[in-house]
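Here the structure is laid out as structure tokens; the discussion comes afterwards.
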Amino acid sequence: MQEQLTTEKVILEERQGEAVDLPGTNGHGKKLYVESYGCQMNFSDSEIVASVLIKDGFQTTRIMEEADVIMVNTCAIRDNAEQRVRGRLDEFRRVKKTNPDLVVGVMGCMAERLKTKLLDEDKLVDIVVGPDSYRDLPNLVRVAETGQKAVNVLLSREETYADIAPVRLGGNGISAFISITRGCDNMCTFCVVPFTRGRERSRDSESIVEEARQLFADGYREVTLLGQNVDSYLWGGGGLKKDILAKGDLTGTVSFAELMERVAQVSPLLRVRFSTSHPKDLSDDVLHVMAKYRNVCSYIHLPVQSGNSRVLDLMNRGYTREWYLQRIQRIRELVPECGISTDTISGFCTETEEEHQDTLSIIEAAQFDFAYMFKYSERPGTLAAKKLEDDVPEEVKGRRLQEVIDLQMRLSEESNRRDIGKTFEVLIEGPSRKSPDFLQGRNTQNKVIVFPRENFEKGQYVNVLVQDCTSATLKGVAVR
Ligand code: SAH
Ligand code: SF4
Ligand code: F3S
Numbered sequence: 000m001q002e003q004l005t006t007e008k009v010i011l012e013e014r015q016g017e018a019v020d021l022p023g024t025n026g027h028g029k030k031l032y033v034e035s036y037g038c039q040m041n042f043s044d045s046e047i048v049a050s051v052l053i054k055d056g057f058q059t060t061r062i063m064e065e066a067d068v069i070m071v072n073t074c075a076i077r078d079n080a081e082q083r084v085r086g087r088l089d090e091f092r093r094v095k096k097t098n099p100d101l102v103v104g105v106m107g108c109m110a111e112r113l114k115t116k117l118l119d120e121d122k123l124v125d126i127v128v129g130p131d132s133y134r135d136l137p138n139l140v141r142v143a144e145t146g147q148k149a150v151n152v153l154l155s156r157e158e159t160y161a162d163i164a165p166v167r168l169g170g171n172g173i174s175a176f177i178s179i180t181r182g183c184d185n186m187c188t189f190c191v192v193p194f195t196r197g198r199e200r201s202r203d204s205e206s207i208v209e210e211a212r213q214l215f216a217d218g219y220r221e222v223t224l225l226g227q228n229v230d231s232y233l234w235g236g237g238g239l240k241k242d243i244l245a246k247g248d249l250t251g252t253v254s255f256a257e258l259m260e261r262v263a264q265v266s267p268l269l270r271v272r273f274s275t276s277h278p279k280d281l282s283d284d285v286l287h288v289m290a291k292y293r294n295v296c297s298y299i300h301l302p303v304q305s306g307n308s309r310v311l312d313l314m315n316r317g318y319t320r321e322w323y324l325q326r327i328q329r330i331r332e333l334v335p336e337c338g339i340s341t342d343t344i345s346g347f348c349t350e351t352e353e354e355h356q357d358t359l360s361i362i363e364a365a366q367f368d369f370a371y372m373f374k375y376s377e378r379p380g381t382l383a384a385k386k387l388e389d390d391v392p393e394e395v396k397g398r399r400l401q402e403v404i405d406l407q408m409r410l411s412e413e414s415n416r417r418d419i420g421k422t423f424e425v426l427i428e429g430p431s432r433k434s435p436d437f438l439q440g441r442n443t444q445n446k447v448i449v450f451p452r453e454n455f456e457k458g459q460y461v462n463v464l465v466q467d468c469t470s471a472t473l474k475g476v477a478v479r
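The opening position of the sequence shown corresponds to residue 0 in numbering that gives the first Met the number 0, with each subsequent residue numbered one higher.
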């Protein structure tokens, strides 16, 4: 999902999920309202949750006021992500005043981080459920309906929800997410994810390929394979990645490159994307598969975080500035015209002015097309919170972030200007945001292209000649 490149929009957790109206299957008629914050994995998880509760007889609704159960899928990545959820809980409190039987559940990463503390802190909340316990939701809802508090925050070594067919919420019917791994073993010192999502495990490769086949049969034309570090995917019959590696024999296992190839073979008309790649694990094998299959999109999201090797080491990222730049060069060699985007963190513990300059210079050297840019936000319980001092003053963090944003704005605009005069194959996603007379879709590099509707329809591939641009969007006209 590409965001507008403005200061307020660079924050990932602003992606809000849409609740939708869907019928339940065995209808006790109760209504579920789901709202999602955070990364794509959370949006994908909300589709699992909807599936579990629809099987239990719920129907979904877009109207918060008519819900019997409100579930909010939360993010804990930065403090402001949690503050936003607290704001929403205030809103739900208002609804509960008119409907005292309303059940309010908090799920996802903030639920896992705060556990029962959330119940003490916020009397409104009835259910707290962590990312690995969604199968237990029908049971938790029943407990909450009796007026008791219901909690399940157990993390699992096995759970991948492989057998649950997600209910596609609020999508365009063309692009869908498929979760391929859960959890993360990387322990970047700033990051809360290993604590909220548990150990890394991969999902059965067959169930992933089958889900892609089914989506294609249902009219979808693009799948995004999701994980915190997709390059680390390794299917070996189940269990934790570390246990599969400990066996020392990789016969019969499926790597990320192999998985992606199998998904690419579902149909040449099914585009394949993936997110997120980790610079320390992005292999040449993956780049070769990208080069070999036209339907594997030429786009990599490769979070750099910092351009300085000392800071990267403090972050425990497992690579240096030179390694990162060498990976970029390899992408450019093997996948020419590849779109590349990144994430950055400004003002990490002890970051000096010179080290910040290194981040600016790596951005310039890598020539990113797009970036999500953040200020460091200390997260309780992380290694950085325990061992390092959050000593960069707030206004310095803010100024450094603004410099990063200004630079990236310029690079994004330059990157878009270079596309003027080029023709791209675009997968049409639907009407443009601004006018029903225009359609929008993406090129393989993940750039949004807007063009006059004519007789085209969503789901079609069309060649579009780019004639104009802003820093966020390309504008063009279809050519035959
Ligand atoms: N698994 C992905 C990133 C997941 S979180 C990866 O390793 O790249 C998405 C982004 O949020 C990160 O890339 C990082 O830039 C940012 N982020 C994570 N923790 C943060 C923190 N404590 N403060 C500010 N930004 C943070
Ligand atoms: Fe967090 Fe690092 Fe894992 Fe990404 S790779 S989720 S930043 S610990
Ligand atoms: Fe947020 Fe959890 Fe994703 S902390 S970024 S929702 S994995």
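Heads up, the beta-carbon is just placed ideally off N, CA and C, and yes, glycines get one too.
Model, not experiment: these values are computed from the prediction.
To the nearest angstrom, how far is it from the Cα of residue i to the Cα of residue j?
i      : j      : result
Glu13  : Leu311 : Below a pLDDT of 50, predicted positions are generally treated as unreliable, and Glu13, at 34, falls in that range; no measurement from the model is reported.
Leu481 : Ala365 : Beyond the ends of the chain as shown, which are 0 and 479, falls residue 481; an answer cannot be given.
His355 : Arg399 : 7 Å
Gly235 : Gly146 : 43 Å
Leu359 : Val105 : 38 Å
Ile299 : Lys95  : 44 Å
Asp390 : Thr349 : 6 Å
Asp432 : Leu426 : The residue asked about is misnamed: residue 432 is Arg in this sequence, not Asp. Their backbone Cα atoms lie some 16 Å apart in a straight line.
Asp162 : Arg293 : 29 Å
Ser414 : Tyr323 : 20 Å
Glu210 : Glu456 : 24 Å
Glu412 : Pro451 : 22 Å
Ser206 : Ile179 : 9 Å
Glu111 : Arg202 : 21 Å
Val219 : Asn171 : Residue identity check: residue 219 is Tyr in the sequence provided, not Val. Rounded to the nearest angstrom, the two C-alpha atoms are 9 Å apart.
Tyr363 : Thr223 : Residue identity check: residue 363 is Glu in the sequence provided, not Tyr. Near 28 Å, if we compare the C-alpha coordinates of Thr223 and Glu363.
Glu428 : Lys446 : 12 Å
Leu214 : Glu353 : 48 Å
Met408 : Thr275 : 22 Å
Ile243 : Pro278 : 22 Å
Quick one: residues in its chain with C-beta nearer than 6 Å to the C-beta of residue i, no 5 flanking neighbours on either side, listed in chain order?
i      : result
Asp342 : Pro302, Tyr371
Ile69  : Tyr32, Phe91, Val103
Tyr29  : It is worth fixing the name first, because residue 29 is Lys in this sequence and not Tyr. The answer, listed in chain order, is Phe57, Asp67.
Ile327 : Ala365
Arg212 : Val265
Ser155 : Asp131
Pro193 : Cys183, Met186
With a CB to CB cut of under 7 Å and the five nearest residues on each side skipped, what residues in its chain are close to residue i?
i      : result
Leu139 : Ile126, Val128, Ala149, Asn151
Ser45  : Gly16, Val33, Ser35, Asn72, Leu168
Val295 : Met259, Ala263, Val271, Val288, Met289
Ser132 : Asn151, Val152, Leu153
Ala383 : Thr188, Phe189, Cys348, Glu377
Glu65  : Lys30
Thr6   : Its pLDDT being 27, under 50, Thr6 is placed unreliably by the model, and nothing is read from it.
Here's the rule I'm using: 16 or more other beta-carbon atoms within 10 Å means buried, otherwise exposed. How should residue i be labelled?
i      : result
Leu249 : exposed
Ala49  : buried
Gly478 : Sequence inspection shows Val at residue 478; the Gly mentioned does not correspond to that position. That one is exposed.
Thr115 : exposed
Val489 : For residue 489 there is no data in the structure shown, the boundaries of the chain being 0 and 479.
Ala175 : buried
Gly240 : What sits at residue 240 in the sequence shown is Lys, not Gly. It counts as buried.
Glu394 : exposed
Asp89  : exposed
Arg93  : exposed
Ala143 : buried
Can you name, in chain order, every residue of its own chain whose Cβ lies under 8 Å from the Cβ of residue i, other than the five neighbours on each side?
i      : result
Leu286 : Arg329, Ile330, Leu333, Val334
Ile448 : Phe423, Val425, Gln439, Gly440, Arg441, Asn442, Val463, Val465, Thr472, Leu473, Lys474, Gly475
Glu157 : Arg200, Gly237, Gly238
Val51  : Tyr133, Arg134, Leu136, Pro137, Ile163
For residue i, which beta-bridge partners are listed by DSSP?
i      : result
Arg200 : Arg181, Leu239
Phe233 : A small fix is needed here, since residue 233 is Leu in this sequence, not Phe. Ser254, per the DSSP bridge assignment.
Met70  : Val33, Gly104
Ile427 : Gly440
Pro451 : Phe437
Asp342 : Tyr371
Leu311 : For Leu311, which the question treats as bridged, DSSP gives no partner whatsoever.
Ala477 : Val463
Phe176 : Thr223
His277 : DSSP output for His277 lists no bridge partner at all.
Val295 : Val271
Thr422 : Leu464
| said: For the structure I just gave you, are there three or more beta carbon pairs, one from the region 260-270 and one from the region 304-319, closer than 8 Å? | reply: Under the 8 Å Cβ criterion, the region 260-270 does not count as touching the region 304-319, having fewer than three qualifying pairs.
| query | Is the region 455-470 touching the region 407-420 in the sense that three or more CB pairs, one from each, lie closer than 8 Å? | reply | Yes: at least three Cβ pairs fall under 8 Å.
| said: Any contact between the region 312-323 and the region 187-197? By contact I mean 3 or more CB pairs, one from each, below 8 Å. | reply: The region 312-323 is in contact with the region 187-197.
| Quick check: the region 436-444 against the region 150-167, are there 3 or more CB pairs under 8 Å? | Contact between the region 436-444 and the region 150-167 is absent, with fewer than three C-beta pairs closer than 8 Å.
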